[in-house]
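Number of protein chains: 2
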Amino acid sequence: MKEINKDTSIVFIGAGNLATNLAKALHAKGFKIEQIYSRTEESASVLASFVGARWTTDLNSVAGGKDLYIVSLKDDAFLELLARIVEGREDALFVHTAGSVSMDVWKGKVNRYGVFYPLQTFSKQREVVFDQIPIFIEAADKQDKELLKGIASLLTQKVYTATSDQRKSLHLAAVFACNFANHMYVLAAELLEKNNLQFDVLLPLIDETAHKVHSLSPKEAQTGPAVRYDEQVIYKHLVMLEDEPAMRDLYRIVSQSIHIQSNSKK
Amino acid sequence: MKEINKDTSIVFIGAGNLATNLAKALHAKGFKIEQIYSRTEESASVLASFVGARWTTDLNSVAGGKDLYIVSLKDDAFLELLARIVEGREDALFVHTAGSVSMDVWKGKVNRYGVFYPLQTFSKQREVVFDQIPIFIEAADKQDKELLKGIASLLTQKVYTATSDQRKSLHLAAVFACNFANHMYVLAAELLEKNNLQFDVLLPLIDETAHKVHSLSPKEAQTGPAVRYDEQVIYKHLVMLEDEPAMRDLYRIVSQSIHIQSNSKK
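Just so you know, the sequences run in chain order Y and S.
This note's numbering applies: residue 1 is where the first sequence begins, and numbers increase by one.
This note's numbering applies: residue 1001 is where the second sequence begins, and numbers increase by one.
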């Protein structure tokens, strides 16, 4: 695999949200997706049909001799299956896509290895455009690093290298900025539903909240009762949440955290 | 004030984030902003200069005989100043812009009153386009309600009526969807800064997280370690946050809340 071309043959180990979006994006750029492995037949077959690949639910049937194996599994499954994934394929290039797993997990198991980490939230039901998604590359070997950067560059304008420690920080930050932020939408939706109000009315607010931090720092962008320490409003909200003790605790803790942050340096 | 026209004379009581954006938007549509009152000279004078109005820091100097008084103050200041705001102006139309204050606060104080509540996050440093912002109207009198809806309709396509209770629910939901979501960005930014990483790399993720809930429900849109209950990752993250007990507690509580929600009905 000296150069990046349409004959680069790729095998996906895993067919979850990330694998689905990444395989589709690579396929759309002309890469040959040879095979999809997943523990569940439906995931494997659905993704395989999208990208014109073969599929299997049996690790022993994963094709050997391909150029690139992209492993995209839940962390515990990955570590459990690692030895069997590389078996008999020790000379191929292996990458995983996990934010929280060190590159060194491959060390001593295969000769050529790295990490291919797109920083994005992926769902199977929603195809994303890769163009602006940052992809963070790590590789043991310099040539492999260039090769992975080359592949990433075909997908996005934003290709970076990152150490395993940097990637772990990025992943943790992403959990806050994405998963936790989205959970705040979930709770908001629940509150509205209970009062027969449509979630849609929040969309311009959610959009503006996201847009704001393109031009202001998140601290500068903050508004609302907690940052201006409007005790009247905070008290009223806690009363409104009386029947929802978990949500009330969360309201109190997050408001407190906002208040502390707003008093620290900008 | 029988019809809405450019001669409708408006006085703003308050010159904060919301008042600033609303006054500018009304001014841009041709309304005559007569005067700005604020307790602080800088806020009053800066906004007044933007919209070609007079300004004062003395409630006794607020002009009488104008058509519409828009009161946009912190809740406690509003309640404290209410009697003085209306004094001698009992026949004008008064509205407040607070999500959490009942319309009835005006009852017995003035004859014509209501609420004009734009559901958005406003900062002085950032001018927003009102076009898609939902504005929720409430008024004691039917004619005044139509009049306020008419004014709102000149600013946005999304004009609704809402009772005080509905508005309170909207406001609480907005605190979660906006202020709390933004606070998750704040914490993410802090984590990245500590590791010398740029906040900018999170922007495509933040944008996609917001866009996703236009087509998926927030519950369907959720991804990450908490929703798939990836204990390995959650444990690693808690270890990474060992030096940040407040953030670690928040991580644990929000992850738990995500996990509970994901097991409840969609």
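From the three backbone atoms N, C-alpha and C, an ideal C-beta is built for every residue, glycine too.
Since this is a predicted model, take the numbers as computed values, not measurements.
Using a CB distance cut-off of 8 angstroms, residue 1173(S) counts as an interface residue toward chain Y. In chain S, no part has a C-beta under 9 angstroms from the C-beta of residue 245(Y); the shortest such distance is about 11 angstroms.
DSSP places residue 1053(S) in the coil class of the three-state scheme, outside both helix and strand.
Taking 8 angstroms as the CB threshold, residue 1126(S) lines the interface with chain Y. Apart from sequence neighbours up to five positions away, the residues of its chain that approach residue 154(Y) with a beta-carbon distance below 6 angstroms are 29, ordered along the chain. A check of alpha carbon separations from residue 1167(S) across 133(Y), 192(Y), 12(Y) identifies 192(Y) as the nearest. Secondary structure of residue 1078(S) (DSSP, three-state): helix. DSSP places residue 1209(S) inside the alpha helix (DSSP H), whose first and last residues are 1203-1215. Taking a Cβ-Cβ threshold of 8 angstroms, the residues of chain Y close to residue 1228(S) are 74, in chain order.
Bounds of the alpha helix (DSSP H) holding residue 262(Y) are 245-263. When only Cα atoms are considered, residue 100(Y) and residue 55(Y) end up about 27 angstroms apart. The region 10-23 of chain Y and the region 68-86 of chain Y touch, with no fewer than 3 CB-CB distances between them shorter than 8 angstroms. Boundaries for residue 1087(S): no beta strand (DSSP E) harbours it, and the DSSP string shows neither H nor E there. For residue 1078(S), the closest of 230(Y), 237(Y), 252(Y), 259(Y) by C-alpha to C-alpha distance is 230(Y). For residue 35(Y), the secondary structure class from DSSP, reduced to helix, strand or coil, is strand. Interface with chain S (8 angstroms Cβ-Cβ cutoff): residue 132(Y) is included.
In this structure, the alpha-carbon of residue 242(Y) lies about 11 angstroms from that of residue 235(Y). Between the alpha carbons of residue 88(Y) and residue 32(Y) lies a gap of roughly 21 angstroms.
Rounded to the nearest whole angstrom, the CA to CA distance from residue 180(Y) to residue 1034(S) is 44 angstroms. DSSP places residue 1134(S) in the coil class of the three-state scheme, outside both helix and strand. Closest in alpha carbon position to residue 58(Y), among 46(Y), 220(Y), 169(Y), 41(Y), is 41(Y). Linking residue 51(Y) to residue 127(Y) through their CA atoms gives a straight-line distance of about 13 angstroms. Spatial neighbours of residue 158(Y) in its own chain (CB-CB distance under 8 angstroms, excluding positions within 5 residues in sequence) are listed in chain order as 132, 133, 134, 135. At a cut-off of 8 angstroms between beta carbons, residue 111(Y) makes no contact with chain S. For the set 1048(S), 1038(S), 1004(S), the Cα lying nearest the Cα of residue 1024(S) is the one of 1048(S). Cβ-Cβ separation between residue 69(Y) and residue 83(Y): approximately 14 angstroms, too far for a contact (criterion under 8 angstroms).
In terms of beta-carbon proximity, residue 1242(S) stays away from the interface with chain Y, with every pair separated by 8 angstroms or more.
Within a 10 Å sphere around the beta-carbon of residue 1008(S) sit 16 or more other beta-carbons, which makes this residue buried.
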